[in-house]
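J.: Before we start, here is the structure in question, set down as structure tokens.
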Amino acid sequence: MGMHLVVANDLETLADRLVDRLNEVPDDPFLPETIVVPGDGVRSWLTHAIALRLGICSNIQFSYPARFLKETFSLESKMGTWETGPLTWAIHAIQQEGGVDDLTRARAIADVFDRYILYRPHMVKRWSDGEDVDGSLQALADHQLWQPELWRQLETRLGRSDARVFEQLTNASANEISFTGSIPKRVSIFGLTSMPQPQLDLFRVLSTKSEVAVFAPVSSSSKWDSVRSAWREELRFPALRDAHPRSTGGFRLNEVWGRTNEEGHKLLLDSVLVTSGEVEGPLDIKRDSAGEDDCTLLSSLQDAIDHDTIPDAEVQLDRTVVVHRTFGAARQVEVLRDHLLHLFNERHRDGSVVFAPRDVVVLTNDVERFAPLVQSV
């Protein structure tokens, strides 16, 4: 079957395309649809978006990548001892044998090892084979040699690592894998811009049994086109960043903030093309009109990011992009509250509200610091 990738630089457009897929009635209309989302926020937004387009959002099973794969591939019986909790206590036990009792450090090491399994599987598999290498498969520095040694001690206690389980499932044919119950006829993955390679590999295996479609937002259509045109053959891991240079000379924000999105889409695109899947997009944004909304500072900024061009220096300033300068975290939250109240008070000519709470997302670089302030203010 292969995977199907749909890309657009606008979630509304992706939601339209997802609804088109939902309207394709399956053989059994009573079977629930399976949609995999990155988190609760996207799930809530997508539920509302589907209801707006179809009049109702029902008989849909939402899940998250790790949970869905664990349930589908019966990973509960194959994995679990290498998750952060069990890892922490195993590392702590090894510490105590060496005369050290530092649970906080054990938890920090467990977090790092857990991420290694997902993002550096090739490295830890070499560790299991007795090779002390880093993520680029070069010899580790002397001060880092304790990591592979600790890894091998953990394998003695906990058994084979989850990286080996992922490898076994990826290399096996779909007919050799014991799936849990019935496999969904089709799976839609919505809103993810990147995914760890082991998870992508499992979705690739699943695509031989089920119709898997990925609806992925992209920050810049122009940048994505360059990624698509540069793909020639299946990626080899590990791939050094210098071996795949990025195009330069466009909009500065794409250069600074777009790397993660771009590299995530390289993995998505690679997983789709090696399965002979289809690629659709980037889809165009459906604008309500070509009127004054296309001449705002915000729309000019969005177009510059999408086309990877330098913004027009002559664009007229307005209040579609506002910067507040304040002092202190508490004051920042107070200004945010006042600004939101002002936006919620705006009305269209027919009296309907311009913005509702569901239209707002608050982004911060320090959630633990600002979340209590947002709740209290």
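In terms of the numbering used here, the sequence shown has 288 at position 288, counting the first letter as 1, and numbering is strictly consecutive.
C-beta atoms are modelled at their ideal positions from N, C-alpha and C, and glycine is treated no differently.
These figures come from a predicted structure and were not determined experimentally.
1. Would you be able to state if there are at least three C-beta pairs under 8 angstroms between the region 259-279 and the region 193-200?
2. Given Val19, which residues of its chain have a CB within under 7 angstroms of its CB, disregarding the five upstream and five downstream residues?
3. Nearest to Leu336 by alpha carbon, out of Gly258, Ser229, Val322?
4. Hey, would you say Glu346 sits closer than 8 angstroms to Val333, going by beta carbons?
5. In whole angstroms, what separates the C-alpha of Gly135 from that of Arg120?
6. Between the Cα of Leu268 and those of Ala108, Thr34, Asp201, spot the shortest distance and give me the residue it belongs to.
7. Roughly how many angstroms separate the alpha carbons of Asn171 and Gln144, rounded to a whole number?
8. Hey, Asp308 and Ser300: beta-carbon distance below 8 angstroms or not?
9. Do you know whose CA, among Gly130, Ile183, Phe113, lies nearest Asp162's CA?
10. Can we say the region 208-226 touches the region 1-13, given the rule of at least three CB pairs closer than 8 angstroms?
11. Taking Ala93 as the reference, which of Ile117, Ser229, Leu253, Leu158 has the closest Cα?
12. May I ask you to list the residues that DSSP assigns as paired with Thr34?
13. Given that a residue counts as buried once 16 or more other Cβ atoms are within 10 Å of its Cβ, and exposed if not, what is Asp318?
14. Quick one: Cα of Val362 to Cα of Pro282, how far?
15. Starting from Met3 and walking both ways along the beta strand (DSSP E), at which residues does that stretch end?
16. With 16 other CB atoms within 10 Å as the buried threshold, where does Gln379 fall?
17. Where Trp45 and Asp359 are concerned, what is the direct C-alpha to C-alpha distance, given to the nearest angstrom?
T.: Put simply:
1. With three or more CB-CB distances shorter than 8 angstroms, the region 193-200 counts as touching the region 259-279.
2. Only Ile50, Arg53, Leu54 meet the Cβ criterion.
3. Taking only the C-alpha atoms, the option nearest Leu336 is Val322.
4. Contact: no.
5. Straight-line spacing of the CA atoms in Gly135 and Arg120 works out to 6 angstroms.
6. Considering only alpha carbons, the answer is Asp201.
7. Put simply, the backbone Cα of Asn171 is about 30 angstroms away from that of Gln144.
8. Asp308 is not a Cβ neighbour of Ser300, given a cutoff of 8 angstroms.
9. The shortest C-alpha separation from Asp162 is found at Phe113.
10. Yes, since at least three Cβ pairs between the region 208-226 and the region 1-13 fall closer than 8 angstroms, the two stretches touch.
11. Nearest option by C-alpha distance: Leu158.
12. Within the DSSP bridge table, the entry for Thr34 names Gln61, Val187 as partners.
13. Result: exposed.
14. Each residue's Cα considered, the two are about 27 angstroms apart.
15. Here the beta strand (DSSP E) through Met3 covers 3-8.
16. Residue 379 lies beyond the range of the chain shown here (1 to 377); nothing can be said about it.
17. Cα to Cα, Trp45 sits roughly 9 angstroms from Asp359.
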